[in-house]
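S.K.: First the structure, which I've put down as structure tokens, then a few questions once you've had a look.
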Amino acid sequence: MASNNPSYLIIGAGVFGVSTAYHLIQKYPNASVTLVDRDAYDADSRVAASWDWNKVVRADYDDKVYCKLALEAQDIFKSDPLWKPYFHQTGVYWNCRSDYAQNVISHHKELGRNDDIIALPVAKARKLYGGIFDNADYTGVKEVLINRASGWAAAGDALTAVTKRCVELGAKYVVAEVASLEFDGRGSCTGVQTKSGERLSATHVVVAAGSFTPTLLEWSAAKSGNPGLKAGERILAAGITTGMAQLNEEQLKKYKDMPVGFQGYTPEEGKPFIGSLPPTKDGEMKWWGSKIFTNTREVLPGRYISSPPPTHDYNQWKVPGPLKQDIVESRNLWYGPESATWEMKKHRICWDAFTTTSDFIISPHSASKGLYVASCGSFHGYKFFPVLGKYIVQMMEDELAPELVERWAWDRQRPDSSQNVEYPNAEMRHLLEPTAKL
Ligand SMILES: Cc1cc2nc3c(=O)[nH]c(=O)nc-3n(C[C@H](O)[C@H](O)[C@H](O)COP(=O)(O)OP(=O)(O)OC[C@H]3O[C@@H](n4cnc5c(N)ncnc54)[C@H](O)[C@@H]3O)c2cc1C
């Protein structure tokens, strides 16, 4: 370790930050571990992407690295008493328009997993689960991947429970908005300054601020005069709309045992995968839209980058009409005409940080000693909650496997986003005022 008395300051209490705190406080029960977040962990409303009614927890990856990691995390969700109450093993039903299903199945075989995972022809699959997906869009679908081992987690509830456990184990939780990172005369990171002027210091500072990470690094670069701190092309903040319908008793009866549904698309079709989750305990069914949008704005005089709206709640509950329409269109990909009468209960814009490859960034920051970045969930980070911190601690201690060091590096060559259907595909203001583009 860099110091005899290491201390840890983690900016952001989403899954990247909380998992880091959880692994640190277990490994070093006497260390000073502090989480700082703009929202209290038990607040009624939070901006964290990780704070949600539910998130899919699956290991159906055609990328072997994430497949393995997701299996490791899912095993904890299924067996550890801290996580288990939040996991629901409903299975997934995935309309595949590429060789996705076969790739996933072969990874699971190679990893020695005997999960109940199969690929079925469309005609056979659509009869399953009482035919609830019979009205879905099967255009271009090659086969349907069914994995009964996957499911979803009550995301916000699990996040609260694990944060609470960190605090019980001795971690501190500070509610404050971080305005900038602080540095000593040699450029090493020494802590943060909050918006109200308070200083928090530590030997190790981890930026896990999700979609706000690029903005915080811009502010810190300007204040410190170190332009190397900026994220630049590495990280793009973007939002996705989610909608929730309140099902009535009869609808609930029909959908209560449904699996998670995915419509998977190819780069040629130009859509991200669209997911729909089973009803929550309150009978609300959630799905998301197909538009993943940046919000380019001036974060400093003359400096424009994508950043969530500059209000405390990122305007996440103020969802404009065109984005609600995106939700209607996604619903129609699954449930057909009968769903037109469903009562829409909630809409939310959820902000996350993206890389062109959807790889996380879990890395020392190359522009400052003592500074680390743990972010870029890229629309798929939640499911790794139980294990993220293990790898983030390994990274800080220089013990990460070379393959992961390379994947998650701050400085690495990245391909462009053209083959990544989950990369942001629009600018928010263009979606709201389509004529502005003309
Ligand atoms: C619509 C949608 C659906 C998704 N569905 C899934 C899914 O089904 N399964 C899955 O695995 N993943 C899913 N994801 C991805 C997943 O939610 C994210 O990748 C993951 O939650 C990101 O975690 P995080 O810790 O990086 O960021 P966040 O959870 O956003 O946490 C960042 C925290 O930093 C705090 N913060 C930011 N700036 C500051 C500041 N200046 N000062 C103090 N605090 C600050 C914020 O308050 C926040 O609490 C989805 C994402 C979206 C948007």
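For the sequence shown, the UniProt record's numbering gives the first residue as 1, with consecutive numbering after it. Quick reminder that beta carbons are idealized off the backbone N, C-alpha and C, glycines included.
Assuming the contact rule is C-beta atoms closer than 8 Å, residue 314 and residue 320 should be a hit. Round their C-beta distance to whole Å, please.
M.R.: At roughly 14 Å, the Cβ-Cβ gap does not stay under 8 Å, so residue 314 and residue 320 are not in contact.
S.K.: CA-CA distance, residue 57 and residue 152?
M.R.: 5 Å
S.K.: Over what stretch of residues does the alpha helix (DSSP H) that includes residue 251 continue unbroken?
M.R.: 249-255
S.K.: With respect to the beta strand (DSSP E) encompassing residue 175, which residues constitute its N-terminal and C-terminal limits?
M.R.: 172-175
S.K.: Taking Cβ positions, are residue 210 and residue 48 nearer each other than 8 Å?
M.R.: yes
S.K.: Does DSSP classify residue 364 as helix, strand or coil?
M.R.: strand
S.K.: To the nearest angstrom, how far is the alpha carbon of residue 109 from that of residue 145?
M.R.: Rounded to whole angstroms, residue 109 to residue 145 spans 15 Å at the Cα level.
S.K.: Looking at residue 264 and residue 147, is the spacing between their C-beta atoms short of 8 Å?
M.R.: no
S.K.: Can you pull the DSSP bridge partners for residue 57?
M.R.: Paired residue(s): 151.
S.K.: Shortest alpha-carbon distance to residue 163 belongs to which of 333, 330, 100 and 389?
M.R.: 389
S.K.: Heavy atom of ligand 1 less than 7 Å from the Cβ of residue 146, yes or no?
M.R.: Residue 146 Cβ: outside cutoff for every heavy atom of ligand 1.
S.K.: Confirm, please, whether the CB-CB distance from residue 25 to residue 158 is below 8 Å.
M.R.: In this structure, the beta-carbon distance from residue 158 to residue 25 does not fall below 8 Å.
S.K.: Within a Cβ cutoff of 8 Å, which residues of the same chain sit near residue 1, ignoring the five residues on either side of it in sequence?
M.R.: Reliability of the predicted coordinates at residue 1 is poor, the pLDDT of 42 falling under 50, and the value obtained from them is presented with this limitation in mind. These residues qualify, in order along the chain: 397.
S.K.: Determine the burial state of residue 97: buried for a count of at least 16 other Cβ atoms within 10 Å of its Cβ, exposed for fewer.
M.R.: buried
S.K.: So what's residue 1 in DSSP terms, helix, strand or just coil?
M.R.: Below a pLDDT of 50, predicted positions are generally treated as unreliable, and residue 1, at 42, falls in that range; the measurement from the model is reported next regardless. Coil.
S.K.: State whether the segment 201-208 contacts the segment 239-254, with contact taken as three or more CB pairs (one from each stretch) at a distance under 8 Å.
M.R.: no
S.K.: As a quick exercise: from 237, 248, 187 and 235, pick the residue whose alpha carbon is nearest that of residue 225.
M.R.: 187
S.K.: Suppose the cutoff is 8 Å on Cβ atoms and the five residues either side in sequence are ignored; what does the same chain contact list for residue 221 look like?
M.R.: Result list for residue 221: 227, 228, 229 and 230, in chain order.
S.K.: So, are the CB atoms of residue 404 and residue 391 less than 8 Å apart?
M.R.: By the CB criterion at 8 Å, residue 404 and residue 391 fall inside the cutoff.
S.K.: I'd like to know whether the C-beta atoms of residue 295 and residue 377 end up nearer to each other than 8 Å.
M.R.: no
S.K.: Which two residues bound the contiguous alpha helix (DSSP H) that contains residue 75?
M.R.: 64-79
S.K.: Any heavy atom of ligand 1 closer than 7 Å to the Cβ of residue 380?
M.R.: yes
S.K.: Measure the alpha-carbon distance for residue 19 versus residue 197 and round it to whole angstroms.
M.R.: 27 Å
S.K.: Report, in whole angstroms, the separation of the C-beta atoms of residue 410 and residue 366, which I expect to be a contact under 8 Å.
M.R.: Going by Cβ atoms, the distance from residue 410 to residue 366 rounds to 5 Å, so yes, they are a contact pair.
S.K.: Give the C-beta separation of residue 393 and residue 23 to the nearest angstrom, bearing in mind that I take them to be a contact with Cβ-Cβ under 8 Å.
M.R.: 5 Å
S.K.: Beta carbon of residue 86, beta carbon of residue 154: below 8 Å?
M.R.: yes
S.K.: Which runs of the beta strand (DSSP E) fall wholly inside the segment 271-359 and span at least 3 residues, in chain order?
M.R.: 274-277, 284-294, 296-300, 303-306 and 343-354
S.K.: Please determine, among 386, 273 and 432, the residue with the shortest C-alpha to C-alpha distance to residue 50.
M.R.: 386
S.K.: Pull up the CB-CB distance for residue 89 and residue 149, whole angstroms please, since I reckon it's below 8 Å.
M.R.: 7 Å
S.K.: Is it right to say residue 438 is buried, meaning 16 or more other beta carbons lie within 10 angstroms of its own, or is it exposed?
M.R.: Residue confidence for residue 438 is low, a pLDDT of 46 falling below 50, so the modelled location carries little weight and cannot support an answer.
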